[in-house]
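Below is one structure, written out as structure tokens; the observations come after it.
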Amino acid sequence: MFLCNLGKGNNISFWKDLWYGDTPLLLRWPFLFSVEKDKECVVSSRVSYDGSRNNLTTKWSAGAYTVAGISETQDVMFMLSHISFKDSRDRWFWDFNQPVEFSVAAVKESMQENLYSSDGISFLWVNWVPIKVNTLVWRIVKGRISTRVELCKRKIVLPCYSCPMCRLEDETVSHILFDCRFAFEVWTKVWLWSRLNHSDFGSLEDVIHWPNSRNISVVKKKRIRDSRDRWFWDFNQPVEFSVAAVKESMQQNLYSSDGISFFWVNWVPIKVNTLVWRIVKGRISTRVELCKRKIVLPCYSCPMCRLEDETVSHILFDCRFAFEVWTKVWLWSRLNHSDFGSLEDVIHWPNSRNISVVKKKRIRGIFIVTIWALWKERNKVVFQDSDPKVVEVVSIVKSLSFVWLKFRTKCNRIDWKDWVKYPLYML
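If you count the sequence shown from 1, position 368 lands on 368 in the UniProt record's numbering, and the numbers rise without skipping.
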């Protein structure tokens with residue numbers, strides 16, 4: 001049973017929760033509870049404060065005219081003079097010796113403080129399995145699951161106490177989970193799958209203690225700690241997961257097998273940068289790449305022009321449709337399209353020019369948005385059977401780059417009328 005700390009009284013049951021005294025009010029005032037019409041009512045619906053004192057709001061099916069009713073009513077009046085509401089939420093506490101607000105973390109801590117069973121088997125909480133699974137194992141360690149032998153100890157008579165799986169021995173905790181022939185076959189297959197030596201396991205205690213008895217990494221054995229959960233994504237040299245860590249790793253692994261490098265652009269969304277990084281690494285699902293992965297398709301030609309196989313370089317640059325898009329972007333940016341002969345030229349171009357860092361980032365961002373728009377248009381053609389339109393793709397490049405630059409950087413003074421004419425007009 002939980003002890004309640006009265007706040008506004010909107011969530012505490014007036015009769016059934018322990019919020020005043022040592023027992024719930026339904027046990028303290030049985031007569032009044034019997035005549036109560038709404039036995040699920042909350043405290044705030046029965047007790048109100050008028051500015052000077054607490055008042056009781058009743059919904060009784062009969063008057064309190066008996067000796068028991070009068071006695072209990074007097075106790076109610078005494079209670080009203082000793083309670084006070086707070087301008088805060090109601091709270092529950094679950095440890096009467098040292099009250100701790102109820103939470104899953106508090107339950108974990110209590111279970112960890114009482115680790116050992118009478119047989120000396122300890123329990124270790126594992127964060128990546130559900131709470132109900134951890135709780136079941138804790139009950140098993142404490143001998144609190146209803147096997148037939150345990151029920152017999154509680155004087156519950158059953159027609160049979162043998163194991164329901166093998167019918168050979170009595171159903172104890174150790175037998176049903178380990179010694180039983182059926183359980184042993186399951187464990188054997190799990191050991192083989194995990195490539196563990198089953199001779200290391202002779203009992204339930206061995207199974208539970210085994211990870212801590214071996215010199216293996218913490219990743220393979222987990223116990224609860226008094227700290228927040230953390231995620232790591234690089235097992236060779238564990239680094240806590242964050243966007244910054246992802247950026248750093250991607251920057252450290254800049255080059256593709258073709259020598260094309262990748263540069264992160266802060267003013268375009270993460271998903272756009274990530275797509276370009278995947279393109280540089282040759283990790284997008286063009287039809288030729290799918291063919292390399294032994295995926296059979298009815299056709300491997302470019303869905304935009306139908307003239308050549310769909311490689312990364314073709315769909316994003318060499319294709320006639322892509323080239324028309326790039327030409328319009330170059331004209332809009334007032335760049336000489338003769339400077340670009342391949343996808344590598346497009347990505348490398350800003351760093352190969354003696355221009356300001358701000359201008360390099362602006363141009364590189366426009367190029368990345370163009371790649372994003374081309375890939376999205378390609379997917380529309382493949383999955384929605386739409387007709388590719390150069391004008392629409394170029395419009396998307398102009399609008400997305402304008403919105404992202406204006407609202408993701410300090411360049412909030414750029415004007416659409418000027419931007420649509422020339423994106424570098426402020427530089």
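The beta-carbon is built from N, C-alpha and C at its ideal position, and this holds for glycine as well.
Nearest-angstrom Cβ-Cβ length linking residue i and residue j, presumed shorter than 8 Å
i, j, result
"residue 90", "residue 12", "5 Å"
"residue 273", "residue 267", "Not a contact, Cβ separation roughly 10 Å."
"residue 420", "residue 406", "Not confirmed; about 13 Å, so no contact."
"residue 165", "residue 182", "4 Å"
"residue 55", "residue 61", "Actually they are not in contact, since the Cβ atoms of residue 55 and residue 61 sit about 20 Å apart, beyond 8 Å."
DSSP three-state assignment for residue i, whether helix, strand or coil
i, result
"residue 96", "No answer about residue 96 holds up, because its pLDDT of 48 lies below 50 and its placement is not dependable."
"residue 297", "coil"
"residue 4", "strand"
"residue 285", "coil"
"residue 170", "strand"
"residue 387", "coil"
"residue 415", "coil"
"residue 356", "coil"
"residue 401", "helix"
"residue 194", "helix"
"residue 395", "helix"
"residue 338", "helix"
"residue 162", "strand"
"residue 291", "helix"
"residue 266", "coil"
"residue 28", "helix"
"residue 367", "helix"
"residue 182", "helix"
"residue 82", "coil"
"residue 280", "helix"
"residue 274", "helix"
"residue 426", "coil"
CA-to-CA distance, residue j to residue i, given in whole angstroms
i, j, result
"residue 367", "residue 331", "13 Å"
"residue 396", "residue 289", "27 Å"
"residue 374", "residue 325", "8 Å"
"residue 40", "residue 69", "20 Å"
"residue 278", "residue 232", "21 Å"
"residue 36", "residue 45", "13 Å"
"residue 125", "residue 155", "32 Å"
"residue 96", "residue 171", "Note that residue 96 scores 48 on pLDDT, short of 50, meaning its location in the model is unreliable and no value can be drawn from it."
"residue 282", "residue 310", "13 Å"
"residue 18", "residue 33", "15 Å"
"residue 317", "residue 394", "14 Å"
"residue 295", "residue 313", "20 Å"
"residue 334", "residue 363", "11 Å"
"residue 392", "residue 402", "15 Å"
"residue 65", "residue 130", "53 Å"
"residue 205", "residue 212", "12 Å"
"residue 208", "residue 214", "12 Å"
"residue 427", "residue 388", "33 Å"
"residue 196", "residue 240", "29 Å"
"residue 227", "residue 245", "21 Å"
"residue 117", "residue 75", "Reliability of the predicted coordinates at residue 117 is poor, the pLDDT of 48 falling under 50, and the value obtained from them is presented with this limitation in mind. Between residue 117 and residue 75, the C-alpha separation is close to 45 Å."
"residue 186", "residue 242", "39 Å"
"residue 135", "residue 142", "11 Å"
"residue 352", "residue 190", "57 Å"
"residue 376", "residue 276", "12 Å"
Residue i - partner residues in DSSP beta bridges
i, result
"residue 42", "13"
"residue 232", "240"
"residue 47", "56"
"residue 36", "60"
"residue 91", "5"
"residue 18", "3"
"residue 309", "301"
"residue 71", "Per DSSP, none; premise fails for residue 71."
Check: residue i C-beta below 7 Å from any heavy atom of the ligand ZN
i, result
"residue 269", "This structure lacks the ligand ZN, and indeed carries no ligand of any kind."
Chain-order list of residues whose beta-carbon lies under 8 Å from that of residue i (same chain, five-residue window excluded)
i, result
"residue 291", "297 and 300"
"residue 42", "9, 10, 11, 12, 13 and 14"
"residue 152", "158 and 161"
"residue 382", "303"
"residue 400", "369, 372 and 373"
"residue 193", "none"
"residue 437", "Here the chain covers residues 1 to 427 and nothing more, so residue 437 does not appear."
Residues near residue i in its chain [Cβ-Cβ closer than 7 Å; skip 5 each side]
i, result
"residue 433", "Here the chain has residues from 1 to 427 only, and residue 433 is not among them."
"residue 511", "An answer regarding residue 511 cannot be provided, because it is not within the stretch 1 to 427 covered by the chain."
Sequence-distant residues of its chain with Cβ nearer than 6 Å to residue i (five each side left out)
i, result
"residue 29", "72"
"residue 7", "86, 88, 89 and 90"
"residue 139", "145"
"residue 365", "265, 267 and 268"
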